[in-house]
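Beneath this line is the structure, given in C-alpha cells, with notes to follow.
Protein chains: 2
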Amino acid sequence: MATTTERAAGRPKGDSDARNRLINSALVLFGANSFAQVSTRELARHAEVDAAMIRYYFGSKLGLFESMVRETLAPVLASLKSIPAAAAPQDLASLMQTYYQVMAPNPALPRLIVRVLHEPEQSEQQRILLDVFSQIMDLSRQWLAQGLVKSGQLREGVNPELARLSLISLMVFPLIAPPVLIKQFGVDINPDILSDLVKHNVGVLQQGLLQPHAQEEQ
Amino acid sequence: MATTTERAAGRPKGDSDARNRLINSALVLFGANSFAQVSTRELARHAEVDAAMIRYYFGSKLGLFESMVRETLAPVLASLKSIPAAAAPQDLASLMQTYYQVMAPNPALPRLIVRVLHEPEQSEQQRILLDVFSQIMDLSRQWLAQGLVKSGQLREGVNPELARLSLISLMVFPLIAPPVLIKQFGVDINPDILSDLVKHNVGVLQQGLLQPHAQEEQ
DNA sequence: TCAATAATTCATCTATTGATGAATATTAGT
DNA sequence: ACTAATATTCATCAATAGATGAATTATTGA
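These protein sequence lines are chains L and D, in that order.
Take the first sequence: its position 108, counted from the start at 1, is 108 in this note's numbering, and no numbers get skipped.
Take the second sequence: its position 32, counted from the start at 1, is 32 in this note's numbering, and no numbers get skipped.
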C-alpha cells in the first residue's frame, strides 16, 4: 500500500504529471515544515505518487528540493529584475507595489525562503537557496543604495543603517510573520489589503524617515 | 564511546549539573535548528552528558523541550509583566526600551520563539510554547490597544490595523531576521545598538503614524 | 553501618528514514 | 512488429531515530 490509487507496476497510460506534482508538493510542504521534518514518503503521499519517483526524477530528496527552488524562484527573479531602481522617493510606491505583486500570488514562496534562511548556515539547503536568492538580495541592495537611503534624502539625525533596517522590516515582516502571530494580532494579510499596505508603508517611511520637502499629501 | 569524558557507569562524585546543562543545550540547539533536526544524541553531546539522562530528567525529548521553554520563558514573562501599559505616546520609548532590554541579553530566545511559531500549528511543540507565550502576546495586545494606537492619536487616514502591523514589524523583525539577511544588508544587531534602535523606531513611529501636536524634536 | 534513593553508563529494541534495484507496463522510433 | 527508452510499483537495505531497562556507583538518612 504505497500509493492511494491502486495501480499495478509499470508505465501508466497517458501523462500522469508526476514530476510537476512532486515539485508542487515540495513547495507546499517545505514551505510549511523544516527540511528534516518533511519525509520523502510524506512528499510522495501528498503528490499522490510513489516515493521512488523522487529518486527517478530528482535523484534524492535534496535533488527535489533543489529543482523546486530553482524552478519556482526563476520566474520571480525575472520579474524582479524588471523593476527599475527607484532613484526618487516618488518611485518608492511603485517599487513596493511591484514587490508585493510578485510575492503575494504565491504565499508559500516567502515562507519557504524564510524557513530556509533559518536553517543552519552551512546546510546544503541554504547553499542551494542562496545560489538563486542572493541575486534577489543583490537587487534589493541596489534599490536601497540608489533609492530611499541615498545621501541627501534622509531627515537629519536619521542613521542610514537603521533606515535600511526599517524599510526591510516594514516590507518583509508582513510576508513572513508566523500565522499564529498574524491571527493573534488581527492583521490579516490577504492580496486585497496589499495595495493599502503599500500606501501605508510609503506614508510611514516618507513621514518617518525622509526630509519634508517635496512630499505630496499622498 | 557515548560521552566525551571517559567515565565508568554509576553516580559521579559531587554535582555534575547535568540537568541544567541539558536545559541550556536545548535552548541553544532548538533555537538554532528545527525540533526534528535536533537529535537527542546531539543534545547529549552538546551538554557533555549521556543521552539516557534526557529520559531520566525529562522523560523524553519533548519533555526536555517543554521544561526548557517553561524555565526560560518564565523570568521573561515576569519582567514583561512589570512594564506598565503605555497610555501616552511619550511612554512609547520606555516601553520599547524595556522590551529590548528583556529580549536582547538572550539572543537565543527570540530565535527559539520564532522558530517554534513557524512549526506546524497543531504540533506539540507549538502547543507547549503557546501555553506560556500567549500570556506575553496578551500583554502586547494590551499595549497596542491602550497605547500607541488608541483612538484619537493616529494621524488621520492611517488605518489602525496597519499601524499595529508597522509597530510589530519594526519591533520584532530586527530580533528575528535570519542571520544571512542581517549580514547581507549590513545591519548588525548587537546590544550596543539597541538604544539607538529604540530612539530610531520611536522617531519613525511618531513622525510616521502619530498626529503632529505634542512631539518634542527627539 | 546499612539500606534506600539518586545519578549515571551502556547495550539494545523497534520504528522510521532515505535510498536502491529489480520487475513491470507503456510509449516512441525504426 | 520489434526494440529501446520511459515511467511506474514494490520489496527491501542500511542508517539513524527515540526510547528503555539493567547494571553500576555515589549519597543520604535511619
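Even glycine gets a Cβ: it sits at the ideal position worked out from N, Cα and C.
Interface with chain D (7 Å Cβ-Cβ cutoff): L/Leu167 is excluded. At a C-beta separation below 8 Å, D/Ala32 has these neighbours in chain L: Pro120. Residues of the segment 62-76 of chain L with a C-beta atom less than 9 Å from some C-beta of chain D do not occur. Look at the segment 188-200 of chain L: the residues with a C-beta under 7 Å from a C-beta of chain D are Asp196, Leu197, His200.
Residues of chain D with a Cβ closer than 8 Å to the Cβ of L/Pro174 are, in chain order, Leu165, Ser169. By the Cβ neighbour-count rule, L/Asn33 is buried, with 16 or more other Cβ atoms within 10 Å of its own.
Under the 7 Å criterion on CB atoms, L/Ala36 is classed as interfacial with respect to chain D.
CA-CA distance, D/Asp15 to D/Arg21, rounds to 12 Å.
Rounded to the nearest whole angstrom, the CA to CA distance from D/Leu170 to L/Phe133 is 24 Å. Listed along chain D, the residues sitting closer than 7 Å to L/Arg115 by beta-carbon distance are His118. Residue-level contact check: L/Pro178 touches chain D, since one or more beta carbons of chain D fall below 7 Å from its beta carbon. D/Gln184 is the residue among D/Gly203, D/Ile189, D/Val49, D/Gln184 whose C-alpha sits nearest the C-alpha of L/Ser140. Taking a contact to require three or more Cβ pairs closer than 8 Å, the segment 99-107 of chain D and the segment 193-201 of chain D qualify as touching. Here D/Ala47 is buried: its Cβ has 16 or more other Cβ atoms, across all protein chains shown, within 10 Å. In this structure, the CA atom of L/Leu92 is about 13 Å from the CA atom of L/Gln153.
Closest by C-alpha distance to L/Val69, out of L/Ile128, L/Ser123, L/Asn106, L/Pro105, is L/Ile128. The beta carbons of L/Gly31 and L/Ala108 sit closer together than 7 Å.
Secondary structure of D/Gln125 (DSSP, three-state): helix. With 16 or more other Cβ atoms from the protein chains shown falling within 10 Å of its own Cβ, D/Arg115 counts as buried. For L/Leu80, the closest Cβ of chain D is not nearer than 7 Å. L/Leu43 and L/Thr72 do not touch by the CB rule: their CB atoms are close to 15 Å apart, not below 8 Å. In the three-state scheme derived from DSSP, where H, G and I count as helix and E and B as strand, D/Gln142 is classed as helix.
In the three-state scheme derived from DSSP, where H, G and I count as helix and E and B as strand, D/Gly59 is classed as coil. For a cut-off of 8 Å, the C-beta gap from D/Phe173 to L/Phe65 is around 26 Å, too long to register as a contact.
C-alpha of D/Arg19 to C-alpha of D/Arg45: approximately 13 Å in a straight line.
Residue range 179-185 is occupied by the alpha helix (DSSP H) that includes L/Pro179. For D/Met96, the closest alpha carbon among the candidates D/Ile83, D/Pro105, D/Gln37 is that of D/Ile83.
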